[in-house]
Amino acid sequence: MPEVWVEVCTLDELLPGEFKVAWDGETAIAVYNIDGDLYAIEDVCTHDGGDLAGGEVHGFEVECPRHGARFDLRSGTATLAPATEPVAAFPVRVEDGMVYTRDNR
63 MPEVWVEVCT
73 LDELLPGEFK
83 VAWDGETAIA
93 VYNIDGDLYA
103 IEDVCTHDGG
113 DLAGGEVHGF
123 EVECPRHGAR
133 FDLRSGTATL
143 APATEPVAAF
153 PVRVEDGMVY
163 TRDNR
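Note that our numbering has the sequence shown beginning at 63, numbered continuously upward.
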């Protein structure tokens with residue numbers, strides 16, 4: 063089966079410190095620019111199912127705006143309770159100035 067990548071935005075639209083959310087079918091994927099490096103995780107807190115995008119970013123961690131759980135943007139690992147289960151982390155690529163991601167599960 064061929065790999066299908068989802069267009070997120072242009073690289074110019076995703077500056078350091080910013081994020082964008084794209085959909086790969088039913089999966090919301092939040093793509094973050096951390097100091098010029100791009101990371102993508104599923105946009106859902108494993109504690110209660112709320113959105114992570116828009117939560118405060120602390121280094122390489124995003125904090126769930128509802129209950130304060132944190133997840134590592136590089137791996138999806140839950141780093142602070144109340145979440146204990148990781149979120150999915152996804153690949154990101156840049157081609158011709160366009161940012162892409164995909165649900166590779």
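All C-beta atoms, glycine included, are put in the ideal place defined by N, C-alpha and C.
Inter-residue spacing [alpha-carbon to alpha-carbon] between residue i and residue j
i: isoleucine 103; j: phenylalanine 152; result: 6 Å
i: valine 161; j: alanine 115; result: 17 Å
i: tyrosine 101; j: glycine 121; result: 12 Å
i: glycine 79; j: glycine 111; result: 24 Å
i: aspartate 99; j: threonine 163; result: 14 Å
i: cysteine 126; j: threonine 146; result: 13 Å
i: tryptophan 85; j: alanine 150; result: 14 Å
Which listed residue (the options) has its alpha carbon closest to that of residue i
i: proline 148; options: Arg164, Asp86, Gly138 and Asn166; result: Gly138
i: alanine 140; options: Leu76, Tyr94 and Thr108; result: Thr108
Beta-bridge pairing of residue i - partner residues as DSSP gives them
i: asparagine 95; result: Leu100
i: glutamate 69; result: Tyr162
Whole-Å CB distance - residue i paired with residue j, under 8 Å assumed
i: lysine 82; j: valine 68; result: That pair is no contact at about 11 Å.
Minimum length 3: unbroken beta strand (DSSP E) runs contained in the segment 81–164: At a cut-off of 3 residues, the continuous stretches assigned as beta strand (DSSP E) that sit fully inside the segment 81–164 are 81–86, 89–96, 99–104, 123–125, 132–134, 140–142, 154–157 and 160–163.
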